[in-house]
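**Student:**
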Amino acid sequence: MAGGLPRTQARRAAVQALYQSLVNNQAPEKETMDFVMAEYANKIDKNYFQLLVEGVTKDIDTIDAELAHAIDRSLSAIDPVEVSVLRLAVFEYMHRPDIPYRVVLNEAVELAKSFGGEQGHKYVNGVLDKIGARLRQVEYQAAKAARAQKKAN
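Reminder that position 66 of the sequence shown reads as 66 in full-length UniProt numbering, one-by-one numbering, no gaps.
1. Please report the straight-line C-alpha distance between Val90 and Ala38, rounded to a whole angstrom.
2. Could you check what DSSP says for His121 in three-state terms: helix, strand or coil?
3. Taking Leu52 as the reference, which of Glu66, Ala41, Thr8 has the closest Cα?
4. Go through its chain and collect everything with a Cβ distance to Pro80's Cβ below 7 angstroms, but skip five positions before and after it.
5. Can you find at least 3 beta carbon pairs, one from the stretch 132-143 and one from the stretch 85-102, that sit closer than 8 angstroms?
6. Exposed or buried, what is Val138 when buried is set at 16 or more other beta-carbons lying within 10 Å of its beta-carbon?
7. Does DSSP classify Leu22 as helix, strand or coil?
8. Pull up the distance between the alpha-carbon of Ser76 and that of His69, whole angstroms please.
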(Lines of atoms letter the chains of each structure in order from A; the text may use other names.)
(Lines give C-alpha, C1' and ligand atoms only; values in the text may rest on other atoms or scores of the structure.)
Protein backbone atom coordinates (compact mmCIF):
# COMPACT_ATOMS: atom_id res chain seq x y z
CA MET A 1 0.00 0.00 0.00
CA ALA A 2 1.25 3.43 -0.87
CA GLY A 3 1.74 5.98 1.87
CA GLY A 4 -0.11 9.23 2.03
CA LEU A 5 -2.24 11.53 4.05
CA PRO A 6 -5.27 10.11 5.86
CA ARG A 7 -7.75 11.66 3.40
CA THR A 8 -5.76 10.38 0.43
CA GLN A 9 -5.89 6.92 1.99
CA ALA A 10 -9.62 7.37 2.63
CA ARG A 11 -10.09 8.05 -1.07
CA ARG A 12 -8.05 4.96 -1.99
CA ALA A 13 -10.14 2.83 0.35
CA ALA A 14 -13.39 4.38 -0.89
CA VAL A 15 -12.51 3.61 -4.52
CA GLN A 16 -11.92 -0.01 -3.53
CA ALA A 17 -15.25 -0.24 -1.70
CA LEU A 18 -17.11 1.49 -4.54
CA TYR A 19 -15.45 -0.80 -7.08
CA GLN A 20 -16.51 -3.89 -5.09
CA SER A 21 -20.03 -2.52 -4.93
CA LEU A 22 -20.11 -1.87 -8.68
CA VAL A 23 -18.77 -5.26 -9.79
CA ASN A 24 -21.02 -7.07 -7.30
CA ASN A 25 -24.00 -4.91 -8.35
CA GLN A 26 -25.02 -4.16 -4.77
CA ALA A 27 -24.61 -1.44 -2.18
CA PRO A 28 -21.41 -1.64 -0.12
CA GLU A 29 -21.89 -4.11 2.70
CA LYS A 30 -20.63 -3.67 6.22
CA GLU A 31 -18.20 -6.56 5.76
CA THR A 32 -16.62 -4.89 2.74
CA MET A 33 -16.38 -1.57 4.54
CA ASP A 34 -14.82 -3.23 7.60
CA PHE A 35 -12.35 -5.19 5.46
CA VAL A 36 -11.23 -2.12 3.53
CA MET A 37 -10.88 -0.06 6.72
CA ALA A 38 -8.90 -2.85 8.38
CA GLU A 39 -6.54 -2.99 5.39
CA TYR A 40 -5.71 0.67 5.91
CA ALA A 41 -5.73 0.41 9.73
CA ASN A 42 -4.80 3.70 11.35
CA LYS A 43 -3.53 5.33 8.13
CA ILE A 44 -7.03 6.32 7.04
CA ASP A 45 -9.47 9.07 7.95
CA LYS A 46 -12.28 6.61 8.74
CA ASN A 47 -14.97 9.27 8.99
CA TYR A 48 -14.05 10.65 5.59
CA PHE A 49 -13.99 7.15 4.12
CA GLN A 50 -17.52 6.52 5.38
CA LEU A 51 -18.70 9.93 4.19
CA LEU A 52 -17.37 9.22 0.70
CA VAL A 53 -18.79 5.72 0.34
CA GLU A 54 -22.15 6.55 1.88
CA GLY A 55 -22.39 9.85 -0.01
CA VAL A 56 -21.61 8.34 -3.41
CA THR A 57 -24.01 5.47 -2.75
CA LYS A 58 -26.81 7.83 -1.67
CA ASP A 59 -26.30 10.34 -4.52
CA ILE A 60 -25.38 7.89 -7.26
CA ASP A 61 -28.24 8.89 -9.59
CA THR A 62 -27.34 12.59 -9.38
CA ILE A 63 -23.65 11.81 -9.78
CA ASP A 64 -24.29 9.59 -12.81
CA ALA A 65 -26.51 12.28 -14.37
CA GLU A 66 -23.65 14.77 -13.95
CA LEU A 67 -21.22 12.28 -15.49
CA ALA A 68 -23.54 11.80 -18.47
CA HIS A 69 -22.83 15.42 -19.50
CA ALA A 70 -19.11 14.74 -19.79
CA ILE A 71 -18.62 11.14 -20.95
CA ASP A 72 -18.55 9.89 -24.52
CA ARG A 73 -20.10 6.49 -23.85
CA SER A 74 -22.37 4.78 -21.35
CA LEU A 75 -21.06 4.20 -17.85
CA SER A 76 -21.33 0.46 -18.42
CA ALA A 77 -18.78 0.78 -21.25
CA ILE A 78 -16.21 2.42 -18.94
CA ASP A 79 -13.86 0.33 -16.82
CA PRO A 80 -15.38 -0.14 -13.32
CA VAL A 81 -12.26 1.28 -11.67
CA GLU A 82 -12.54 4.50 -13.65
CA VAL A 83 -16.28 4.69 -12.95
CA SER A 84 -15.58 4.35 -9.22
CA VAL A 85 -12.91 7.08 -9.35
CA LEU A 86 -15.16 9.38 -11.39
CA ARG A 87 -18.10 8.94 -9.04
CA LEU A 88 -15.95 9.67 -6.02
CA ALA A 89 -14.51 12.83 -7.56
CA VAL A 90 -17.89 14.12 -8.74
CA PHE A 91 -19.23 13.61 -5.22
CA GLU A 92 -16.36 15.71 -3.88
CA TYR A 93 -16.95 18.39 -6.53
CA MET A 94 -20.62 18.55 -5.59
CA HIS A 95 -20.49 18.23 -1.81
CA ARG A 96 -17.03 19.30 -0.66
CA PRO A 97 -16.46 22.90 -1.78
CA ASP A 98 -13.81 23.14 0.95
CA ILE A 99 -11.60 20.85 -1.14
CA PRO A 100 -10.09 22.77 -4.07
CA TYR A 101 -11.02 21.74 -7.61
CA ARG A 102 -7.38 20.91 -8.46
CA VAL A 103 -6.99 18.71 -5.38
CA VAL A 104 -10.06 16.66 -6.31
CA LEU A 105 -8.81 16.36 -9.90
CA ASN A 106 -5.24 15.45 -8.97
CA GLU A 107 -6.28 12.91 -6.35
CA ALA A 108 -8.64 11.25 -8.85
CA VAL A 109 -5.96 11.07 -11.53
CA GLU A 110 -3.55 9.48 -9.05
CA LEU A 111 -6.20 6.94 -8.05
CA ALA A 112 -6.80 6.08 -11.70
CA LYS A 113 -3.05 5.65 -12.20
CA SER A 114 -2.84 3.35 -9.16
CA PHE A 115 -5.89 1.19 -9.80
CA GLY A 116 -7.04 1.77 -13.38
CA GLY A 117 -5.99 0.74 -16.84
CA GLU A 118 -2.82 1.97 -18.50
CA GLN A 119 -4.43 5.06 -20.07
CA GLY A 120 -7.43 5.33 -17.73
CA HIS A 121 -6.00 8.30 -15.87
CA LYS A 122 -6.08 10.37 -19.06
CA TYR A 123 -9.76 9.64 -19.55
CA VAL A 124 -10.50 10.45 -15.89
CA ASN A 125 -8.58 13.72 -16.22
CA GLY A 126 -10.52 14.79 -19.31
CA VAL A 127 -13.93 13.91 -17.89
CA LEU A 128 -13.26 15.59 -14.55
CA ASP A 129 -11.88 18.68 -16.22
CA LYS A 130 -15.20 19.07 -18.08
CA ILE A 131 -17.22 18.46 -14.94
CA GLY A 132 -15.03 20.80 -12.90
CA ALA A 133 -15.71 23.53 -15.42
CA ARG A 134 -19.45 23.01 -14.87
CA LEU A 135 -19.59 22.44 -11.12
CA ARG A 136 -16.77 24.70 -9.98
CA GLN A 137 -17.00 27.49 -12.57
CA VAL A 138 -15.41 30.31 -10.57
CA GLU A 139 -12.58 28.15 -9.27
CA TYR A 140 -12.05 26.56 -12.68
CA GLN A 141 -11.86 29.93 -14.44
CA ALA A 142 -9.43 31.27 -11.82
CA ALA A 143 -7.16 28.25 -12.31
CA LYS A 144 -7.36 28.61 -16.08
CA ALA A 145 -6.47 32.31 -15.83
CA ALA A 146 -3.55 31.52 -13.53
CA ARG A 147 -2.21 28.93 -16.00
CA ALA A 148 -2.54 31.43 -18.86
CA GLN A 149 -0.75 34.09 -16.82
CA LYS A 150 2.04 31.65 -15.97
CA LYS A 151 2.49 30.77 -19.66
CA ALA A 152 2.57 34.47 -20.59
CA ASN A 153 5.45 35.16 -18.17
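Virtual Cβ for every residue (Gly too), placed ideally from N, Cα, C. Owing to the predicted nature of the structure, the values given are computational and were not obtained by experimental measurement.
**Tutor:** Taking the definition as stated:
1. Numbered from 1 along the sequence shown, position 90 holds the residue referred to as residue 90. Numbered from 1 along the sequence shown, position 38 holds the residue referred to as residue 38. One C-alpha to the other measures close to 26 angstroms.
2. If you number the sequence shown from 1, residue 121 lands on position 121. Residue state, collapsed to three classes: helix.
3. Here residue 52 refers to the residue found at position 52 when the sequence shown is read from its first residue. For the options Glu66, Ala41, Thr8, the alpha carbon positioned closest to that of Leu52 is the one of Thr8.
4. In the sequence shown, the residue the question calls residue 80 occupies position 80. The answer, listed in chain order, is Tyr19, Leu22, Val23.
5. Inter-segment contact for the stretch 132-143 and the stretch 85-102 is present: three or more beta-carbon pairs are separated by less than 8 angstroms.
6. As a position in the sequence shown, residue 138 is number 138, starting the count at 1. Its Cβ having fewer than 16 others within 10 Å, Val138 is exposed.
7. Against the sequence shown, residue 22 aligns to sequence position 22. Assignment of Leu22 by DSSP, reduced to helix, strand and coil, places it in the helix class.
8. Residue numbering aside, residue 76 sits at position 76 when the sequence shown is read from its first letter. Residue numbering aside, residue 69 sits at position 69 when the sequence shown is read from its first letter. Whole-angstrom Cα-Cα distance: 15 angstroms.
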